[in-house]
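Here the structure is laid out as structure tokens; the discussion comes afterwards.
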Amino acid sequence: MRDKVTGARRWVVKIGSALLTADGRGLDRAAMAIWVKQMVALREQGVELVLVSSGAVAAGMSRLGWTSRPSAMHELQAAAAIGQMALVQAWESSFAEHGMRTAQILLTHDDLSDRKRYLNARSTLRTLVNLDVIPVINENDTVVTDEIRFGDNDTLAALVANLVEADLLVILTDRDGMYNADPRHNPDAELIFEARADDPALDAVAGGVGGALGRGGMQTKLRASRLAARSGAHTVIVGGAIEQVLARLKAGERLGTLLAPERGLLAARKQWLAGHLQTRGTLVLDAGAVKALSQDRKSLLPVGVKAVQGSFRRGEMVVCVSPDGREVARGLVNYSALEAQKIIGQPSDAIEKLLGYVDEPELVHRDNLILV
Ligand SMILES: Nc1ncnc2c1ncn2[C@@H]1O[C@H](COP(=O)(O)OP(=O)(O)O)[C@@H](O)[C@H]1O
Ligand SMILES: N[C@@H](CCC(=O)OP(=O)(O)O)C(=O)O
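So in the UniProt record's numbering, spot 243 of the sequence shown is number 243, and the numbers just go up one at a time.
As structure tokens, then:
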């Protein structure tokens with residue numbers, strides 16, 4: 001089963017507060033430097049990386065000289081705003097030592113359930129990864145309350161794994177992995193090496209909540225693995241303090257707990273797309289575009305579209321039909337109906353002149369298409 005880890009091309013690595021802040025003593029810069037070195041090595045081996053980093057509240061508390069986590073929401077949010085600066089500064093300078101650039105992305109769960117924002121976040125992240133920049137993501141703590149209260153970046157990391165279609169979600173934490181009982185209270189607890197993410201037996205073992213800083217515990221990690229599994233990603237929950245942990249995972253060593261999805265990446269994504277039953281409009285393709293989609297499995301470019309019907313917004317589902325009206329595919333469209341009207345029949349490099357901006361060169365990207 002570990003071949004799924006060694007073969008994974010796109011990783012989301014999530015590092016929790018407890019681990020990043022050495023239990024409240026400010027950011028553990030030395031530990032961060034060690035993970036950065038490993039992430040740079042992974043990048044050099046061709047792995048695409050997105051980092052989800054917690055620790056803003058904890059870093060802010062340390063900058064403010066606060067020793068206990070405040071319970072007032074506005075104080076938590078203020079601490080997060082202060083600490084986020086420390087966090088990204090630390091990641092940036094550490095990656096810069098290896099000549100690698102970083103970018104900050106702050107997201108909320110709501111951003112990812114809104115179709116338009118989902119597509120925007122997705123294309124920004126893809127662009128960053130293609131530019132060989134490491135995106136460093138955290139929750140946008142200023143505008144949310146529930147997540148910061150529960151201290152749950154595990155869910156955010158899983159949503160990001162869905163968003164970028166990661167093959168692997170690596171959750172680094174302060175234990176070696178998921179045990180068959182909470183190791184704080186059960187010294188005899190044993191590490192679970194491999195399981196199916198949807199195994200109901202896991203619910204009982206992940207019962208307890210987290211520690212003083214990180215607060216989600218194993219429950220949120222298990223839930224995250226199930227969410228990641230929906231888009232076909234494997235999850236590894238593993239100790240961030242284990243020497244060379246990322247490098248050894250990449251080499252196939254049986255570290256941590258590997259949670260497997262029930263079906264593969266592509267099948268899962270198509271299933272997710274297929275769940276979008278409501279279609280908002282129709283694109284009438286020319287014969288060349290029908291062939292490009294059906295036979296060559298390509299994206300749909302504006303140049304191959306003859307007519308636009310219906311009223312839809314960016315991110316909504318449209319039906320693609322052949323010149324004689326036969327449905328050939330359906331997919332999430334990158335431009336609204338009004339915009340599409342202006343760019344159909346034109347080459348993609350004319351989009352900028354026609355609209356004044358370019359969202360994507362494709363009208364529907366092939367990853368967002370299901371052939372009928
Ligand atoms: N079955 C279990 N296996 C391992 N750890 C568990 C289990 N149940 C509860 N935990 C607790 O979850 C904690 C990790 O979660 P959390 O404190 O939220 O960390 P993080 O900041 O990394 O998200 C561990 O320190 C451990 O005490
Ligand atoms: N976004 C906040 C809270 C997130 C958080 O603590 O999550 P985690 O430690 O991963 O369970 C922060 O950066 O402090």
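Here a beta-carbon is modelled for each residue, glycine too, at the ideal position from N, C-alpha and C.
Owing to the predicted nature of the structure, the values given are computational and were not obtained by experimental measurement.
Query raised in the report: From Gln-38 to Ala-181, what distance separates their C-alpha atoms?
Result: 30 Å
Query raised in the report: How about Leu-273 and Ala-329: are their beta carbons less than 8 Å apart?
Result: no
Query raised in the report: Any idea if Leu-20 is buried or exposed, counting beta-carbon neighbours within 10 angstroms, 16 or more meaning buried?
Result: buried
Query raised in the report: Quick one: what does DSSP say Trp-66 is sitting in, helix, strand or coil?
Result: coil
Query raised in the report: Which same chain residues, not among the five before or five after Ala-251, have their C-beta less than 8 Å away from its C-beta?
Result: Thr-6
Requested in this report: Name the residue from Ala-189, Gln-84, Ala-166, Thr-124 whose alpha carbon lies nearest to the alpha carbon of Glu-139.
Outcome: Gln-84
Query - Option in Leu-222, Gly-232, Phe-193 with minimal Cα separation from Arg-254 - result: Phe-193
Report task. Compare the Cα-Cα distances from Leu-259 to each of Val-245, Val-238, Arg-248, Ile-242 and report the closest residue. Result -> Val-238
Requested in this report: Please classify Ala-8: is it buried, with 16 or more other beta-carbons within 10 angstroms of its beta-carbon, or exposed?
Outcome: buried
**Report entry** Reduced DSSP category for Pro-298 - H, G, I as helix; E, B as strand; rest coil
**Finding:** The sequence given here places Lys at residue 298; Pro does not occur at that position. Coil at Lys-298, not helix or strand.
Query raised in the report: With distances taken from CA atoms, which of Leu-112, Thr-108, Trp-91, Asp-110 is nearest Thr-102?
Result: Trp-91
**Report entry** Identity of the residue in Val-205, Pro-200, Asp-199, Ala-197 nearest Leu-191 by Cα
**Finding:** Val-205
Report task. Could you say if the region 127-137 and the region 59-78 meet the contact criterion of at least three C-beta pairs nearer than 8 Å? Result -> no
Query - Residues near Ala-59 by beta carbon distance below 6 Å, same chain, minus five either side - result: Leu-27, Gly-83, Ala-86, Leu-87
**Report entry** heavy atom of ligand 1 below 7 Å from Asp-154 C-beta
**Finding:** yes
**Report entry** Beta-carbon spacing of Ala-166, Trp-11 below 8 Å
**Finding:** yes
Query raised in the report: Looking at C-alpha atoms only, which residue of Arg-280, Ala-289, Lys-221 is the closest neighbour of Ser-322?
Result: Ala-289
Query raised in the report: What residue range is occupied by the uninterrupted alpha helix (DSSP H) comprising Gly-217?
Result: 217-230
Report task. Out of Gly-345, Gly-177, Val-372, state which residue places its alpha-carbon closest to the alpha-carbon of Ala-195. Result -> Gly-177
Query raised in the report: If you draw a straight line from the C-alpha of Asp-152 to the C-alpha of Ser-54, how long is it?
Result: 9 Å
Report task. Taking only heavy atoms of ligand 1 into account, decide whether any of them is closer than 7 Å to the Cβ of Pro-183. Result -> yes
**Report entry** Residue range of the unbroken beta strand (DSSP E) whose run includes Gly-281
**Finding:** 281-285
Report task. Have a look at Arg-280, Asp-349, Ala-189 and flag the residue whose alpha-carbon is nearest the alpha-carbon of Pro-302. Result -> Asp-349
Query raised in the report: Can you tell which of Val-358, Val-136, Lys-291, Arg-314 has its C-alpha closest to the C-alpha of Lys-116?
Result: Arg-314
Requested in this report: May I ask you to report which of helix, strand or coil DSSP gives Gly-214?
Outcome: Because Gly-214 sits at a pLDDT of 44, beneath the cut-off of 50, its placement in the model cannot be relied upon, and the following sentence gives the value as read from the coordinates. In this structure, Gly-214 counts as coil in the three-state DSSP scheme.
Query raised in the report: In the structure shown, what three-state DSSP assignment does Ala-78 receive?
Result: helix
Query raised in the report: Just to confirm, does Leu-19 get its C-beta within under 7 Å of one of the non-hydrogen atoms of ligand 1?
Result: yes
Query - His-109 in three-state terms, based on DSSP - result: helix
Query raised in the report: What number of angstroms, rounded off, separates the C-alpha of Ala-157 from the C-alpha of Asp-324?
Result: 44 Å
Query raised in the report: When we look at the beta-carbon of Asp-154 and count the other beta-carbons within 10 Å, is it buried (16 or more) or exposed?
Result: buried
Query raised in the report: Does the Cβ-Cβ distance between Arg-280 and Ser-311 come in under 8 Å?
Result: yes
Query - Cβ neighbours of Met-32 in the same chain (closer than 8 Å, five flanking residues each side left out) - result: Leu-20, Ala-90, Trp-91, Ser-94
Query raised in the report: Just to confirm, does Gly-16 get its C-beta within under 7 Å of one of the non-hydrogen atoms of ligand 2?
Result: yes
Query raised in the report: Is Gly-252 near ligand 1, judged by its Cβ being under 7 Å from some heavy atom?
Result: no
Requested in this report: Return yes when the C-beta of Met-218 is under 7 Å from any heavy atom of ligand 1, and no when it is not.
Outcome: yes
Query - Contact under 8 Å by Cβ, Leu-249 with Val-170 - result: yes
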